[in-house]
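For reference, the structure discussed in these notes is given below.
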Amino acid sequence: MQNRVIMLADFDYFFAQCEELRDPSIKDKPVVVGVYSGRTEESGAVSTSNYIARKFGVKSGLPLFMAKRKLEGTDAVFFKVDHEYYDQISDRVMQIFRTYASSLEQVSVDEAYLDVTEAVDGSFEKAMEYAQKIKTDVKVQVGISFSIGIGPNKLIAKIACDSQKPDGLTIVKPEDAESFLAPLSVDCLLGVGKKTNKRMEQLGIRTIGDLAKYDCQRLIEVFGKTIGIYFHNAANGIDNEPVVEQGDAGSISRIGTLKQDTRDLDFILQKTDELTEDVYKDVSSRKLSFKTVSIYMVMVDLSSKTRSVTLDQPVKDKETIKRTARSLFEKFLRESALEIRRVGVKVSGFSKEEPNQRQLTNFFQPT
Ligand code: TTP
Ligand code: CA
Numbered sequence: 454m455q456n457r458v459i460m461l462a463d464f465d466y467f468f469a470q471c472e473e474l475r476d477p478s479i480k481d482k483p484v485v486v487g488v489y490s491g492r493t494e495e496s497g498a499v500s501t502s503n504y505i506a507r508k509f510g511v512k513s514g515l516p517l518f519m520a521k522r523k524l525e526g527t528d529a530v531f532f533k534v535d536h537e538y539y540d541q542i543s544d545r546v547m548q549i550f551r552t553y554a555s556s557l558e559q560v561s562v563d564e565a566y567l568d569v570t571e572a573v574d575g576s577f578e579k580a581m582e583y584a585q586k587i588k589t590d591v592k593v594q595v596g597i598s599f600s601i602g603i604g605p606n607k608l609i610a611k612i613a614c615d616s617q618k619p620d621g622l623t624i625v626k627p628e629d630a631e632s633f634l635a636p637l638s639v640d641c642l643l644g645v646g647k648k649t650n651k652r653m654e655q656l657g658i659r660t661i662g663d664l665a666k667y668d669c670q671r672l673i674e675v676f677g678k679t680i681g682i683y684f685h686n687a688a689n690g691i692d693n694e695p696v697v698e699q700g701d702a703g704s705i706s707r708i709g710t711l712k713q714d715t716r717d718l719d720f721i722l723q724k725t726d727e728l729t730e731d732v733y734k735d736v737s738s739r740k741l742s743f744k745t746v747s748i749y750m751v752m753v754d755l756s757s758k759t760r761s762v763t764l765d766q767p768v769k770d771k772e773t774i775k776r777t778a779r780s781l782f783e784k785f786l787r788e789s790a791l792e793i794r795r796v797g798v799k800v801s802g803f804s805k806e807e808p809n810q811r812q813l814t815n816f817f818q819p820t
């Protein structure tokens, strides 16, 4: 098989950068975007901040009143999240990415994998130039900067991207993968959270290099077969997951990352209900009816799964999406033992006519 060349693009301080784009006069000030819970004027948390604000210790998750305190005496500006605007910017960038990649996998509002193997003839030398070209194109057309990681697979592209931000461009050739990964802490790997990190520490595993050399059989005993093998492969830079397009012209979908890996139905549904609101907004603004509802899951071992139901008749209401997603997740959780990292909701099988009318009339006609 030909060497793959995969990129991960991750937009810099995304929500705050969008605000700077809307009003460039704030560029040299600390910029904070927050979610206001509405309880008091000050209650809520920081969604993200620009790098100037980060120098003051203001980062995602910090309570807003603390952010205000840390930025006292500066000319900091605060914004409420405006998802609609950020989604529009994101869509424009993704459209440009699409013209450069043979497949594009959008993983969140500000992150996407691009399979550029064909475009660069499998050459890592060409990939560097190609990435620069994409960066410039997006900067000129939309005005957004982002970091790119390039590697022989998604796993390495992701770690490469995280290693240099903002406006980074990091390339890891296949022959350098081992030496690139070895010194990094194991928690750079997807799926290694606090608990797993601690467990690994007890086993004497601190770096990815330690993990790569660790006996695979023993890993399987400790973490179970799927996860044990995943850790062994990941540490050795092995990842065969393809870059998969999410959705197509005939579908509307949203994907999001859960705050923590979980198998808790209510926790998952909280996220999917949020995603459903966005999907529904899109569906209703285009006056569409749909017949199929699907859910999408990325598991802790990075494998992805989908489940769907096709209804007898087209519908167009939000509750059907929520209810169907719930029953699909209930069923899925019974079938799979792994924790889930990301979830998605999709509707497809569109029609434009008013749903149900004709069928209902038929139904009531005497035979
Ligand atoms: P990230 O990519 O994690 O962060 P970022 O783009 O703000 O900064 P970086 O330059 O480090 O990539 O998240 C993308 C967006 O998701 C971010 O702009 C705001 C939102 N977000 C939240 O709302 N809450 C959070 O806790 C995090 C981490 C992100
Ligand atoms: Ca980002």
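Taking the working numbering, the leading residue of the sequence shown gets 454, the next gets one more, and so forth. Every residue, glycine too, gets a C-beta built ideally from N, C-alpha and C.
**Prompt:** Fully enclosed by the stretch 563-604, which alpha helix (DSSP H) runs are 4 residues long or longer?
**Reply:** Entirely contained in the stretch 563-604, the alpha helix (DSSP H) runs reaching 4 residues are, in chain order, 577-594.
**Residue ranges of each alpha helix (DSSP H) within the stretch 687-766, 4 or longer** = Counting only runs that start and end inside the stretch 687-766, the alpha helix (DSSP H) elements of at least 4 residues fall at 718-738.
**Message:** Does N456 pass the burial test, meaning 16 or more other C-beta atoms within 10 Å, or should it be called exposed?
**Reply:** To locate residue 456, count along the sequence shown from 1; it is residue 3. Label assigned to N456: exposed.
**Asked** Between the C-alpha atoms of Y566 and D615, what's the straight-line distance to the nearest angstrom?
**Response** Here the question's residue 566 lines up with position 113 in the sequence shown. Here the question's residue 615 lines up with position 162 in the sequence shown. Straight-line Cα distance between these residues: approximately 13 Å.
**G487 Cβ short of 7 Å to ligand 1 heavy atom set** = Within the sequence shown, the letter at position 34 stands for residue 487. Distance from the C-beta of G487 to the nearest heavy atom of ligand 1 is not below 7 Å.
**Message:** Taking the beta strand (DSSP E) that Q559 belongs to, which residues open and close that run?
**Reply:** As a first step, residue 559 must be located in the sequence shown, where it is residue number 106. 556-561 is the span of the beta strand (DSSP E), which, as asked, contains Q559.
**Asked** Buried or exposed: which applies to G428, given that a residue is buried once 16 or more other Cβ atoms fall within 10 Å of its Cβ?
**Response** Residue 428 lies beyond the residue range present for the chain, which begins at 454 and ends at 820; the question has no answer from this structure.
**Asked** Which residues in the same chain have their Cβ closer than 6 Å to the Cβ of G621, if we skip the five residues on either side of it in sequence?
**Response** Counting from 1 along the sequence shown, the entry for residue 621 is found at position 168. Counting only Cβ-Cβ distances below 6 Å, and skipping sequence neighbours, we find S600.
**Request:** With a threshold of 7 Å, establish whether the CB of S513 neighbours any heavy atom of ligand 1.
**Result:** Residue mapping note: residue 513 aligns to position 60 of the sequence shown, counting from 1. Checking every heavy atom of ligand 1 against the Cβ of S513, one is found closer than 7 Å.
**Asked** Hey, quick one: how far does the alpha helix (DSSP H) through A610 stretch, first residue to last?
**Response** The residue labelled residue 610 in the question sits at position 157 within the sequence shown. Element bounds for A610: 607-615.
**Message:** Can you find the residues in the same chain that come closer than 6 Å, C-beta to C-beta, to L764, ignoring five residues on each side of it along the sequence?
**Reply:** The residue you call residue 764 lines up with position 311 of the sequence shown. The residues are K744.
**Item:** Assigned secondary structure, Y539 (DSSP; H/G/I helix, E/B strand, else coil)
**Value:** As a working note, residue 539 is residue 86 in the sequence shown. Assignment of Y539 by DSSP, reduced to helix, strand and coil, places it in the helix class.
**Request:** Could you give the DSSP three-state label for R457: helix, strand or coil?
**Result:** Counted from its first residue, the sequence shown places residue 457 at position 4. The answer is coil: DSSP assigns R457 none of H, G, I, E or B.
**Prompt:** What residues match up with D668 in a beta bridge as DSSP calls it?
**Reply:** Here residue 668 corresponds to residue number 215 of the sequence shown, with the count starting at 1. For D668, DSSP records no beta bridge to any residue.
**Request:** Return yes when the C-beta of S500 is under 7 Å from any heavy atom of ligand 1, and no when it is not.
**Result:** Along the sequence shown, read from residue 1 onward, the residue named residue 500 stands at position 47. Correct: S500 has its Cβ closer than 7 Å to ligand 1.
**Message:** What does the alpha-carbon distance come out to for the pair N815 and K769?
**Reply:** Along the sequence shown, one-based indexing puts residue 815 at 362. Along the sequence shown, one-based indexing puts residue 769 at 316. Because the pLDDT at N815 is just 36, under 50, the model does not fix this residue reliably, and the point stays unresolved.
**Request:** Out of A778, K712, R716, V697, point me to the one whose CA is closest to V732's CA.
**Result:** Reading the sequence shown from its first residue, position 279 is the one you call residue 732. Among A778, K712, R716, V697, the Cα nearest to that of V732 is on A778.
**Asked** Does DSSP classify A630 as helix, strand or coil?
**Response** Taking the first residue of the sequence shown as position 1, residue 630 is located at position 177. It is helical.
**Request:** Under 7 Å Cβ to Cβ from V488, same chain only, skipping five residues before and after it: list those, please.
**Result:** What you label residue 488 is simply residue 35 of the sequence shown in a count that begins at 1. Close CB contacts of V488 within its chain, under the 7 Å cut and outside five residues either way in sequence, are with G497, A498, S500, V534 (chain order).
**Asked** With a cut-off of 8 Å, do at least 3 Cβ pairs link the stretch 718-725 to the stretch 591-610?
**Response** By the Cβ test, the stretch 718-725 is not in contact with the stretch 591-610, since fewer than three Cβ pairs between them sit closer than 8 Å.
**Prompt:** Who does F531 pair with in a DSSP beta bridge?
**Reply:** Counting from 1 along the sequence shown, the entry for residue 531 is found at position 78. Bridge partners of F531 according to DSSP: V485.
**Endpoints, beta strand (DSSP E) assigned at A821** = What is shown of the chain runs 454 to 820, which leaves residue 821 out entirely.
**Item:** L786 (DSSP reduced to helix, strand or coil)
**Value:** One-based indexing of the sequence shown puts residue 786 at position 333. Helix, per DSSP.
**Asked** Roughly how many whole angstroms lie between the Cα atoms of K480 and F531?
**Response** Stepping through the sequence shown from its first residue, residue 480 is reached at position 27. Stepping through the sequence shown from its first residue, residue 531 is reached at position 78. The C-alpha of K480 lies about 13 Å from the C-alpha of F531.
**Asked** With respect to 7 Å, is the separation between the Cβ of F464 and the closest non-hydrogen atom of ligand 1 below this value?
**Response** Position 11 of the sequence shown, counted from the first residue, corresponds to residue 464. Checking the Cβ of F464 against ligand 1 gives yes.
**Asked** So what does D463 bridge to, in DSSP terms?
**Response** The sequence position of residue 463 within the sequence shown is 10, counting from 1. Its beta-bridge partners are E564, S600.
**Prompt:** With which residues is V796 paired in a DSSP beta bridge?
**Reply:** Taking the sequence shown and counting its residues from 1, the one referred to as residue 796 is at position 343. Paired residue(s): G709, M750.
**Distance, L781 Cα to T679 Cα** = Residue 679 sits at position 226 when you count from the first residue of the sequence shown. Residue 781 sits at position 328 when you count from the first residue of the sequence shown. Straight-line measurement puts the Cα of L781 at about 23 Å from the Cα of T679.
**Message:** Measuring only from the beta carbon, is F782 closer than 7 Å to any heavy atom that is part of ligand 2?
**Reply:** Here residue 782 is taken as the residue at index 329 of the sequence shown, counted from 1. Result no, Cβ not under 7 Å from ligand 2.
**Message:** What does the alpha-carbon distance come out to for the pair H685 and E698?
**Reply:** Residue 685 sits at position 232 when you count from the first residue of the sequence shown. Residue 698 sits at position 245 when you count from the first residue of the sequence shown. Inter-residue distance for H685 and E698 is about 27 Å (C-alpha atoms, whole angstroms).
**Request:** Return helix, strand or coil for K780, following the three-state DSSP convention.
**Result:** Position 327 of the sequence shown, counted from the first residue, corresponds to residue 780. The question names Lys, but residue 780 is Ser in the sequence shown. Here S780 sits in helix by DSSP.
**Prompt:** Alpha carbon to alpha carbon, what distance is there between V762 and N809?
**Reply:** On the sequence shown, residue 809 is found 356 positions in, with the first residue counted as 1. On the sequence shown, residue 762 is found 309 positions in, with the first residue counted as 1. For N809, the predicted model reports a pLDDT of 45, less than 50, meaning its position is unreliable; a value from the coordinates is still stated below. Approximately 18 Å between the Cα atoms of the pair.
**Item:** Cβ pair count under 8 Å reaching 3, the stretch 470-486 against the stretch 521-529
**Value:** Yes, since at least three Cβ pairs between the stretch 470-486 and the stretch 521-529 fall closer than 8 Å, the two stretches touch.
**Request:** Check whether the stretch 617-637 touches the stretch 460-480, taking contact to mean three or more Cβ pairs, one atom from each stretch, closer than 8 Å.
**Result:** Cβ pair count under 8 Å is three or more, so yes.
**Message:** Between the alpha carbons of M750 and R760, how many angstroms are there, rounded?
**Reply:** Taking the first residue of the sequence shown as 1, we reach residue 750 at position 297. Taking the first residue of the sequence shown as 1, we reach residue 760 at position 307. In this structure, the alpha-carbon of M750 lies about 9 Å from that of R760.
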